[in-house]
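Reviewing the structure listed below.
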Amino acid sequence: MSQPRNEYWVGNIYNFRSIEDVKVKNGKIKPNHIFRGGFFFNKGEEDIKKLNSEKGICSLVDLRSSDEVPSGFGEMVNKCGVNFYNAPLIPFWRSIFYMIFRVPFKVMVHCAYLILSAILTLRFHLFVGAMKSTSTSLPLGWYYPVIYHYGQKELYGLFKFIAQHSDKPFIFYCSFGKDRTGLIGCMLEMLLGASLDECITDYKLSDRSLKDHLIVAKDHFKTFGGDEKGIDLAKTDSKLLIDFEHFIKKKYGTIDNYLVKFVGLTQQDIETIRTNCLLRTE
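Per my numbering, the very first residue in the sequence shown carries number 1260; after that it's consecutive.
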């Protein structure tokens, strides 16, 4: 994969780029057609209008949880003439189930302490709210795999939306455009014919794109564990994508089988996305 020509700063949207330079089999990804980014600083209508007028983006796929999306955001996007779909990728209760079986013991002890403290202070609702907020941002090896293990409903909705709207340019994003965006980017790039190495190269570009925002990113991520500065969680971890590929190869064989048998797409959905997003070679 060459160094991308399409890294932009559009309004307050950063870590923003086209994925057209990701190399795929049997063709190329259409230029300026699929974008990814981070919406942590977005100010609303002005940014949406810039995405539409400057980049021709007609659809937004929002991967943030409900507590990260401003109230009325979807309605505002629609008023700008842009399609909107919110797919909060890590459902709260399924995250709790996953955590019980996968999170290291010391984290379980910490969570038990939070529960006990909440009960003793009669503020259990605050604990639940905090856990809902935290469930999308805990360290990769603990929580993000819940997306491809248990997120069938969310993945089905977002890929169906992409199949229906990918005839025109679109963007998918989370808060920092790094991990949730990176995992969905990997799925989409594999669907289009990219190798794991190409997906990882694209994913790790976020380290460079977020370099100027590391102070904000590390302050955000240090809340959820890791080193005392939060820097380790503010950087990419290719293990996320490596583990995903290992999972689908072991259980499903191919990305197409995963998307059909687990997610619930039809082969026609997959071919529609490919037709809309690729410049094919004979």
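Where is the CB? At the ideal position from N, CA and C, for every residue including glycine. The model shown is predicted, which means the values in this text are computed figures rather than measured ones.
Of all the options the options, which has the alpha carbon lying nearest to the alpha carbon of residue i?
| i | options | result |
| --- | --- | --- |
| His1408 | Asp1326, Lys1284, Ile1507 | Ile1507 |
| His1292 | Lys1412, Glu1313, Ser1434 | Glu1313 |
| Lys1419 | Arg1295, Tyr1273, Gln1526, Leu1310 | Gln1526 |
| Leu1500 | Leu1310, Val1405, Met1335, Phe1294 | Val1405 |
| Val1341 | Phe1435, Tyr1403, His1424, Leu1451 | His1424 |
| Asn1285 | Lys1510, Val1522, Thr1534, Gly1452 | Gly1452 |
| Val1320 | Asp1306, Gly1296, Leu1524 | Gly1296 |
| Gly1333 | Tyr1415, Phe1294, Asn1345 | Asn1345 |
| Ile1421 | Leu1322, Ile1272, Pro1290 | Leu1322 |
| Ser1325 | Cys1433, Ile1288, Gln1411 | Cys1433 |
| Tyr1517 | Glu1327, Asn1311, Leu1414, Ile1307 | Leu1414 |
| Val1336 | Phe1429, Ile1529, Asp1502 | Phe1429 |
| Asp1528 | Leu1447, Thr1540, Ile1316 | Leu1447 |
| Gly1416 | Cys1445, Arg1539, Leu1348 | Leu1348 |
| Lys1289 | Lys1427, Val1519, Gly1444 | Lys1427 |
Tell me residue i's beta-bridge partners as DSSP assigns them.
| i | result |
| --- | --- |
| Leu1319 | Phe1343, Ile1430 |
| Ala1453 | Val1283 |
| Gly1297 | Tyr1273, Cys1433 |
| Ile1288 | Leu1537 |
Taking all protein chains shown into account, decide if residue i is buried (16 or more other Cβ within 10 angstroms of its Cβ) or exposed.
| i | result |
| --- | --- |
| Leu1437 | In the sequence on display, residue 1437 carries Lys and not Leu. Lys1437 is buried by the Cβ-count criterion. |
| Trp1352 | With a pLDDT of only 49 at Trp1352, under the threshold of 50, the placement of this residue in the model should not be trusted, and no figure is reported. |
| Ser1330 | exposed |
| Thr1440 | buried |
| Gly1512 | exposed |
| Thr1534 | exposed |
| Glu1305 | exposed |
| Asn1274 | buried |
| Asp1486 | Its pLDDT being 49, under 50, Asp1486 is placed unreliably by the model, and the measurement read from it follows with that caveat. Classification of Asp1486: exposed, given that the 10 Å Cβ count is below 16. |
| Leu1399 | Summary for Leu1399: the model assigns pLDDT 47, below 50, so the residue's position carries little reliability; its value from the coordinates is reported in the next sentence. Buried, since its Cβ has 16 or more Cβ neighbours within 10 Å. |
| Glu1530 | exposed |
| Thr1495 | buried |
| Leu1538 | exposed |
| Arg1276 | buried |
Are the segment 1280 to 1295 and the segment 1457 to 1465 touching by the rule of at least three beta carbon pairs closer than 8 Å? Under the Cβ criterion (8 Å, minimum of three pairs), the segment 1280 to 1295 counts as touching the segment 1457 to 1465.
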